[in-house]
Amino acid sequence: MPPAYYSAVWDIVRQIPAGRVMAYGQIATLLGTPRGAQGVGEAMFRSGDADVPWHRVINKKGEISLGGHPDRPHIQRELLEAEEVVFDARGRIDLRVYLWWPG
DNA sequence: GGTCTGACTAGGT
DNA sequence: AACCTAGCCAGAC
């Protein structure tokens, strides 16, 4: 049984529709901890691909974050492009278009 | 419990 | 717009 915070994060991530994204801080805000964005990132890393669309979570600059993990960024970008999300020349996406908020 | 780490963020330069 | 810094939060040990 994973920690409650992780489960809560995954529940939210599972609600993100294909072709849309959410920011780490945004999810943290929904959980009542607006400054807990880093904990959300850790929850993604620990998701273990357990039917969680982790690739739909990015940072607030509209950029893929995965700093220290060499392989993942490439995979995340491919998964998003497969959902028709468009990256600009700097490797970012337009949050005004793709950012999704529940409800 | 205390301490350290990090898929983060906001704010100043 | 890009880079640096300090602050915050949940987890792991």
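Be aware that the first sequence starts at 612, since it is given in this note's numbering, and climbs by one per residue.
Beta carbons are placed, not taken as given, at the ideal position from N, Cα and C, and that holds for glycine.
Predicted model, so just to flag it, every value in this text is computed and none were measured.
Status (buried if at least 16 other CB within 10 Å, exposed otherwise) for residue i
i, result
"residue 624", "buried"
"residue 649", "exposed"
"residue 701", "exposed"
"residue 654", "buried"
"residue 615", "exposed"
"residue 716", "Past the edges of the chain, shown from 612 to 714, lies residue 716, and the structure says nothing about it."
"residue 652", "buried"
"residue 634", "buried"
"residue 693", "exposed"
Residue i versus residue j: straight-line alpha-carbon distance, rounded
i, j, result
"residue 613", "residue 630", "28 Å"
"residue 658", "residue 665", "8 Å"
"residue 672", "residue 713", "20 Å"
"residue 707", "residue 632", "11 Å"
"residue 646", "residue 637", "10 Å"
"residue 684", "residue 627", "19 Å"
"residue 688", "residue 675", "8 Å"
"residue 621", "residue 705", "24 Å"
"residue 691", "residue 667", "7 Å"
Residue i - DSSP class collapsed to helix/strand/coil
i, result
"residue 620", "helix"
"residue 686", "helix"
"residue 703", "strand"
"residue 694", "coil"
"residue 612", "coil"
"residue 632", "strand"
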